[in-house]
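First comes the structure, then the notes that go with it.
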Amino acid sequence: MTMKNRLQYQTPSALTILLLAVLAMGAVRAWAQSEEVLTLDIEPQDAGSALMTLARTSSVHIMLEEGAGARVDVEGLKGEYRFEDALAALLTDTGLKYQHASENMVVVQVLEQAAQPDAAEQAPADEDEEPLELSQQTVTGSRLRDTLSGAPVFVLTREEINLRGLGSVEDVIRSLPQNFSEVNAGAARDNSINSVDAMGQSMVNLRGFGEQSTLVLVNGRRWPQASSFGNGAVNINGLPFSAIERVEVLTDGASAIYGADAQAGVVNFILRDDYQGGETMLRYDMAANEGDVRRIEQNLSTNWDGGRATLSLSYSENEAIDNYKAGYTTSDYSSRGGRDNRLQPGGIFYYGQPGVVGYGIPLGFYNILIAPLGALPQGDDGTSGVFSKLSPANLLPWDSAAMGTSENTSHSERTSGHLTVTQEFLDGSLELFGEFTFDFSDSWAHRGAERYLGAVPSTNPYNDIPPHPFFQTVVAYSFAAEYAAGLMDPVSNDSDQNNRRVTLGFRAELPFRDWIADFSASRGKEESWYLYYNIDSDLLAERIAGVDSAGNPLPIEQVINPFGNGTGQSPAAVEGLVKPLIGIDGPANANWNFSRQDDYNLTTDGSLFKLPGGDVRIALGVENRTETLDYSADQSRSTIFSVTDPEREIFSYFGEVGIPLIGDDNRMAGVHSLGMKMALRSDEYSFSGPFGGPGSPYTEKKFDRVSPKVELAWYPVSELKVRASWGESFVPPQSSRLFGVENGPFNWLALVDPENPQLGLQFPNAYFTGNPDLDPEISETLAVGFDWAPGGMLEGLSVKITWFDTEFADKFGSGFTLAFDNPELFFQIPNAVVRDAQGNIARVNLFTVNLAQRFSEYLDASVRYRFDTDQWGEFTVGADATFNAKLQDIAAPGADPNNLHGTPAGPERWKGYGYINWAQGNATLNLTGNYSSSYAGARFSSQERVENYLTFDLTGSYEFGDSGWKVYAGARNITNKEFPFFDGFSAPWDPRRVDPKGRIIHLEIRKTYDIF
11 MTMKNRLQYQ TPSALTILLL AVLAMGAVRA WAQSEEVLTL DIEPQDAGSA
61 LMTLARTSSV HIMLEEGAGA RVDVEGLKGE YRFEDALAAL LTDTGLKYQH
111 ASENMVVVQV LEQAAQPDAA EQAPADEDEE PLELSQQTVT GSRLRDTLSG
161 APVFVLTREE INLRGLGSVE DVIRSLPQNF SEVNAGAARD NSINSVDAMG
211 QSMVNLRGFG EQSTLVLVNG RRWPQASSFG NGAVNINGLP FSAIERVEVL
261 TDGASAIYGA DAQAGVVNFI LRDDYQGGET MLRYDMAANE GDVRRIEQNL
311 STNWDGGRAT LSLSYSENEA IDNYKAGYTT SDYSSRGGRD NRLQPGGIFY
361 YGQPGVVGYG IPLGFYNILI APLGALPQGD DGTSGVFSKL SPANLLPWDS
411 AAMGTSENTS HSERTSGHLT VTQEFLDGSL ELFGEFTFDF SDSWAHRGAE
461 RYLGAVPSTN PYNDIPPHPF FQTVVAYSFA AEYAAGLMDP VSNDSDQNNR
511 RVTLGFRAEL PFRDWIADFS ASRGKEESWY LYYNIDSDLL AERIAGVDSA
561 GNPLPIEQVI NPFGNGTGQS PAAVEGLVKP LIGIDGPANA NWNFSRQDDY
611 NLTTDGSLFK LPGGDVRIAL GVENRTETLD YSADQSRSTI FSVTDPEREI
661 FSYFGEVGIP LIGDDNRMAG VHSLGMKMAL RSDEYSFSGP FGGPGSPYTE
711 KKFDRVSPKV ELAWYPVSEL KVRASWGESF VPPQSSRLFG VENGPFNWLA
761 LVDPENPQLG LQFPNAYFTG NPDLDPEISE TLAVGFDWAP GGMLEGLSVK
811 ITWFDTEFAD KFGSGFTLAF DNPELFFQIP NAVVRDAQGN IARVNLFTVN
861 LAQRFSEYLD ASVRYRFDTD QWGEFTVGAD ATFNAKLQDI AAPGADPNNL
911 HGTPAGPERW KGYGYINWAQ GNATLNLTGN YSSSYAGARF SSQERVENYL
961 TFDLTGSYEF GDSGWKVYAG ARNITNKEFP FFDGFSAPWD PRRVDPKGRI
1011 IHLEIRKTYD IF
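For the sequence shown, the working numbering assigns the number 11 to the initial residue and increments by one for each residue that follows.
This is the structure in structure tokens:
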């Protein structure tokens, strides 16, 4: 039997340019491919019912994708067959294919090819023919093929994604009940949630453990980290959505399998490579609150003798969401029981239009007013005298929401693609493969009008305010009217993210037993480019002063009047003020960030010997990976790291063994089958940098860890699987935590020195900096659950329940938070407080510390029931949900626990969706209800609870016979349900939990065709 006839497993690997000599992959019988002979008597009927009969007889769980089997008849099957032969015979000439999703699960799918040949043109089936050719499979959560597993994995197929109306990778991830991401299109510009400008980016955050704690794979290989964050997290918007065949989600820690960063779980995007022909897709999303999306996809695939090539291309355009349509028309939430977030007179950051005037001290971002003078009346343009009309009575709250831009998110354009080519040699015993994936995106966003807070010299011709003997005349002025009138460009951002990954490798059968080997080399790179359009501070200073840099008076039309309401402002005074900058006072060039990942991966696996329960299988491998961040071309990035080109090198070796304790030959009452799997992985992370502190010589430091994992799978009967897993995971410190550059001093931290309490409250020099003494985070996860797929009256029912308990030690905690919440403990942290020769506080270091603990408990549940009514079609009803029983942080030993579950800082208690799907003939209809429970209001708000949120999605599809045309249409949030009010500091909704687009009506048209 050649390799193409067998179930194959593609291990996680990565990319770097070279392809080296052979080793590689053979094939082995799946557990479902055992030699046990089944006696079958399956009558002619629809394929779905016939496959369910085969599932009951064989004790193999057969899952049908949406649309597979209900409209296809089979001739039946009688006699004695092996399972694999029976499945192949049933699916012959049906347009269906099958592939193994796990050790005891087979997924049946519709062949994605444009034109099936007529039955008359097909060669008659030979009873002795080999089983159907299977595509190479990557099973998330293990490197072992065909071994009983206790890991909790669920799969979202392409058809399920389409039937739910999901139109992007971000949509797919946001739909997961386990996801709680703070980086998405809606939250990217909310600085109260995300301090990094994530425009155009989106990330996965399973369980709320942090984006850096979820490992993202593509075809089983690591994806390069987002260069603009430098925290190890992945920008999933850079993945080619059009090429995705399915998404496999492992909701368990997996460092023993994949290495660090897999504390919360693994999301593996499997890309399409097994269809024949061409497919063109057009899609339009029209949202109630703007944010429309247009997308076009082109997929091409062809096969030849022993090889195939698949190309997927996609182009999309996203518009910005409109704040006003979404309900963000004011910053005053008092009428809704929230805070009034308008800037109030007397506040340190207060500004307005007309400008707020007084005598004081300008500090750039704010003015210290010693003697407030007030403002002009609202209708005064400031051109007919100022001082005599100033009054504090004219000061009104400034509503930045009402006076700012209406855009809530960015505009974007994105082009992505994926190419995969494979070729078999030596009768299929050797396969060479190559992959190339790219994504180019451009995002831009308007941030509204700029403001000026500073001094106004007496040389300004509009300034008739008498000079003060000790203080300057200062003003806090908004350019809102000038922006609204089109006289002044808005403050805005332009951002590009470009990523590319190339993988070369081979798989080969080894010359002993059923062993295979898999080698790959990959290189992935992401480039982020940011351009900020902001006020040119030098030009602004000249036009405020009314004189140029040489002291010469400017023409009156070029002088800014910062006192009035903006209606009398000369266009020449504000022309050219907004320019491309890195930031305020930054250099006039773009901001480039780079990340690069080189990965070499070699894995071998096969059987060692046979036990009564089956073959004992083992997988062994080694991986070498280098991760580099590069900011050296842009000196403005010196504010991020104290090292140039921070890099870490990872060397890993790993092994897994699967032991089938009970199987076909020794099963007994109460034990239909029993299997055990054990895994170990050793990871060594090497860093180079100033571990002795800023300015010290570079030295190398290594973080190494052996991560274990044990899984148990027990089938008391063939319909019930009880599973358990235990393992440890770890995350080494990122370069940004080790070598964060020093920022400061700041003098707002109030401390009482326990060694000198007589000095009372002090405000020492405080610095944000890196901590080269950090240790890795360690976590331990126990998962227990069961899968139940009964027959008889309940045939078609599937139930999966899993309970998780995770504990973290040495969790990265904030020294800044610790200094505020527990200053006594903060003083005990080594190097947190630096003293002078007299023992007084010289400085305070606010760096990341290894004090925190985290405890998490959660329950995942999935229920699905599929039944066929004959007359009314096939129905599937189900629900997927997660219950977060506990997500609790303890900042330090002895500190009070901080509950994050059910709060704005953590996931909801309950989150999930339920659905009902109907399929008959060429039509389908899917109704989904999405639910998230209520949670506590913001910490500094009087709002006690944020209400729960329930929305409904409706999507239908129709396939026009054999023409190749198929249409999907529907709406997400079909009732345009109002967002639950959230009393935050930005918009009145929580973008981590709602999609601010509101109702989204979508139409998708697909055409498949034969190209050869």
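Glycine included, every Cβ here is placed at the ideal spot set by N, Cα and C.
What separation, rounded to the nearest whole angstrom, lies between the Cα atoms of residue 729 and residue 285?
Along the sequence shown, read from residue 1 onward, the residue named residue 729 stands at position 719. Along the sequence shown, read from residue 1 onward, the residue named residue 285 stands at position 275. When rounded, the distance between both Cα atoms is 32 Å.
Give a yes or no on whether the C-beta atoms belonging to residue 485 and residue 466 are separated by under 8 Å.
Along the sequence shown, one-based indexing puts residue 485 at 475. Along the sequence shown, one-based indexing puts residue 466 at 456. Yes, the Cβ-Cβ distance between residue 485 and residue 466 is below 8 Å.
What first and last residue would you give for the beta strand (DSSP E) that runs through residue 310?
Sequence index remark: in the sequence shown, residue 310 carries index 300 (1-based). Residue 310 -> beta strand (DSSP E) spans 303 to 314.
Buried or exposed: where does residue 1021 fall if 16 or more other Cβ atoms within 10 Å of its Cβ makes it buried?
Within the sequence shown, the letter at position 1011 stands for residue 1021. It is exposed - the Cβ of residue 1021 has fewer than 16 other Cβ atoms within 10 Å.
Looking at the secondary structure, which residues open and close the beta strand (DSSP E) in which residue 1011 lies?
What you label residue 1011 is simply residue 1001 of the sequence shown in a count that begins at 1. Note, residue 1011: beta strand (DSSP E), 1010 to 1019.
Can you find at least 3 beta carbon pairs, one from the region 835 to 855 and one from the region 799 to 808, that sit closer than 8 Å?
Judged by Cβ distances under 8 Å, the region 835 to 855 makes no contact with the region 799 to 808, as fewer than three pairs qualify.
Between residue 595 and the rest of its own chain, which residues show a CB-CB distance below 7 Å, the 5 nearest in sequence each way excluded?
By 1-based counting over the sequence shown, the position of residue 595 is 585. With a pLDDT of 39 at residue 595, under the threshold of 50, the modelled position of this residue cannot be trusted, and the question is left open.
Taking just the CA atoms, how far does residue 805 sit from residue 878?
Taking the first residue of the sequence shown as position 1, residue 878 is located at position 868. Taking the first residue of the sequence shown as position 1, residue 805 is located at position 795. Roughly 11 Å between the two C-alpha positions.
Between the region 266 to 274 and the region 659 to 667, do at least 3 Cβ pairs fall closer than 8 Å?
Contact between the region 266 to 274 and the region 659 to 667 is present, because at least three Cβ pairs lie under 8 Å.
Measure the alpha-carbon distance for residue 203 versus residue 437 and round it to whole angstroms.
Residue 203 sits at position 193 when you count from the first residue of the sequence shown. Residue 437 sits at position 427 when you count from the first residue of the sequence shown. In this prediction, residue 203 scores a pLDDT of 37, lower than 50, which makes its location untrustworthy; the coordinate-derived value is nonetheless stated afterwards. Cα-Cα distance, rounded: 56 Å.
Given a threshold of 16 other Cβ atoms within 10 Å of its Cβ, counted over all protein chains shown, does residue 731 qualify as buried or as exposed?
Looking up residue 731 in the sequence shown gives position 721. So residue 731 counts as buried.
Using a 10 Å radius around the Cβ and a threshold of 16 neighbouring Cβ atoms, would you call residue 880 buried or exposed?
Walking along the sequence shown from the start, residue 880 turns up at place 870. With fewer than 16 other Cβ atoms within 10 Å, it is exposed.
Between residue 463 and residue 377, which are expected to be in contact by the criterion C-beta below 8 Å, what is the C-beta distance as a whole number of angstroms?
What you label residue 463 is simply residue 453 of the sequence shown in a count that begins at 1. What you label residue 377 is simply residue 367 of the sequence shown in a count that begins at 1. Indeed they touch by this definition, with Cβ atoms about 5 Å apart.
Would residue 777 and residue 757 be called neighbours here (beta carbons separated by less than 8 Å)?
Numbered from its first residue, the sequence shown carries residue 777 at position 767. Numbered from its first residue, the sequence shown carries residue 757 at position 747. Against a cut-off of 8 Å, the Cβ pair of residue 757 and residue 777 comes out as no contact.
Going by CA-CA distance only, name the one from 634, 620, 622 and 605 that's closest to residue 613.
The sequence position of residue 613 within the sequence shown is 603, counting from 1. Nearest option by C-alpha distance: 634.
Look up residue 798 in the DSSP assignment and give the residues it is bridged to.
One-based indexing of the sequence shown puts residue 798 at position 788. DSSP, once it has assigned bridges, lists 730 and 809 as partnering residue 798.
For the candidate residues 168, 906, 864 and 512, whose alpha-carbon lies nearest to that of residue 427?
For the purposes of this step, residue 427 is taken as the residue at position 417 of the sequence shown. Among 168, 906, 864 and 512, the Cα nearest to that of residue 427 belongs to 512.
Based on Cα-Cα distance, which residue from 406, 365 and 371 lies nearest to residue 397?
Residue mapping note: residue 397 aligns to position 387 of the sequence shown, counting from 1. Of 406, 365 and 371, the residue nearest in Cα terms is 365.
Taking 6 Å as the limit between beta carbons, can you name the residues of its chain near residue 872, skipping five residues before and five after?
Taking the first residue of the sequence shown as 1, we reach residue 872 at position 862. Closer than 6 Å at Cβ, skipping near neighbours: 810 and 890.
I'd like the list of long-range same chain contacts for residue 536, defined as Cβ closer than 6 Å, with 5 residues on each side in sequence excluded.
By 1-based counting over the sequence shown, the position of residue 536 is 526. Counting only Cβ-Cβ distances below 6 Å, and skipping sequence neighbours, we find 234, 237, 509 and 605.
Check the C-beta distance from residue 50 over to residue 107 and give it rounded, since I have them as a contact under 8 Å.
Here residue 50 refers to the residue found at position 40 when the sequence shown is read from its first residue. Here residue 107 refers to the residue found at position 97 when the sequence shown is read from its first residue. Not a contact, Cβ separation roughly 20 Å.
What span of residues does the beta strand (DSSP E) with residue 296 cover, start to end?
The residue labelled residue 296 in the question sits at position 286 within the sequence shown. Counting along the chain, the beta strand (DSSP E) containing residue 296 begins and ends at 287 to 297.
Is the CB-CB distance between residue 892 and residue 262 below 8 Å?
Translated into the one-based positions of the sequence shown, residue 892 becomes position 882. Translated into the one-based positions of the sequence shown, residue 262 becomes position 252. Not closer than 8 Å, so no.
How about the region 576 to 583 and the region 614 to 629: do they share at least three Cβ pairs that are nearer than 8 Å?
At 8 Å Cβ cutoff, the stretches do not touch.
Where residue 394 and residue 471 are concerned, what is the direct C-alpha to C-alpha distance, given to the nearest angstrom?
The residue labelled residue 394 in the question sits at position 384 within the sequence shown. The residue labelled residue 471 in the question sits at position 461 within the sequence shown. When rounded, the distance between both Cα atoms is 11 Å.
Output needed for residue 141: all residues of its chain with C-beta closer than 7 Å, excluding positions within five of it in sequence on either side, in chain order.
Sequence index remark: in the sequence shown, residue 141 carries index 131 (1-based). Residue placement at residue 141 cannot be trusted, given a pLDDT of 34 that sits under 50; what the coordinates show is reported in the next sentence. Hits under 7 Å: 15, 94, 95 and 98.
With burial defined as no fewer than 16 other Cβ atoms inside 10 Å of the residue's Cβ, what is the status of residue 480: buried or exposed?
The residue you call residue 480 lines up with position 470 of the sequence shown. Exposed, because fewer than 16 other Cβ atoms sit within 10 Å of the Cβ of residue 480.
What is the DSSP secondary structure of residue 819, counted as helix, strand or coil?
If you number the sequence shown from 1, residue 819 lands on position 809. Strand at residue 819.
By Cβ distance below 7 Å, which residues in the same chain neighbour residue 850 in space, the five residues on each side in sequence not counted?
Position 840 of the sequence shown, counted from the first residue, corresponds to residue 850. Once the five neighbours on either side are set aside, the close Cβ partners of residue 850 are 766.
Indicate the three-state DSSP secondary structure (helix, strand or coil) for residue 825 in the structure shown.
Start at 1 with the first residue of the sequence shown, and residue 825 comes out as number 815. It is helical.
Heavy atom of the ligand ATP less than 7 Å from the Cβ of residue 558, yes or no?
With respect to the ligand ATP, the structure shown offers nothing to examine, as it has no ligands at all.
My assumption, with CB atoms under 8 Å, is that residue 244 sits in contact with residue 213. Please give the rounded CB distance.
Counting from one through the sequence shown, the residue named residue 244 turns up at place 234. Counting from one through the sequence shown, the residue named residue 213 turns up at place 203. About 7 Å separates the two Cβ atoms, so the contact holds.
Taking the beta carbon of residue 678 as the centre, do at least 16 other beta carbons fall within 10 Å, making it buried, or is it exposed?
For this step, residue 678 is matched to residue 668 along the sequence shown. By the 10 Å Cβ count, residue 678 comes out exposed.
If you draw a straight line from the C-alpha of residue 341 to the C-alpha of residue 360, how long is it?
Taking the first residue of the sequence shown as 1, we reach residue 341 at position 331. Taking the first residue of the sequence shown as 1, we reach residue 360 at position 350. Distance between the alpha carbons of residue 341 and residue 360 is about 14 Å.
Which residue wins for smallest C-alpha separation from residue 618, given the options 607, 637 and 670?
The residue labelled residue 618 in the question sits at position 608 within the sequence shown. Out of 607, 637 and 670, 670 has the C-alpha closest to the C-alpha of residue 618.
Do residue 494 and residue 1008 have their beta-carbon atoms positioned less than 8 Å apart in this structure?
Your numbering for residue 1008 matches position 998 in the sequence shown. Your numbering for residue 494 matches position 484 in the sequence shown. Their beta carbons are not under 8 Å apart, which means residue 1008 does not touch residue 494 by this criterion.
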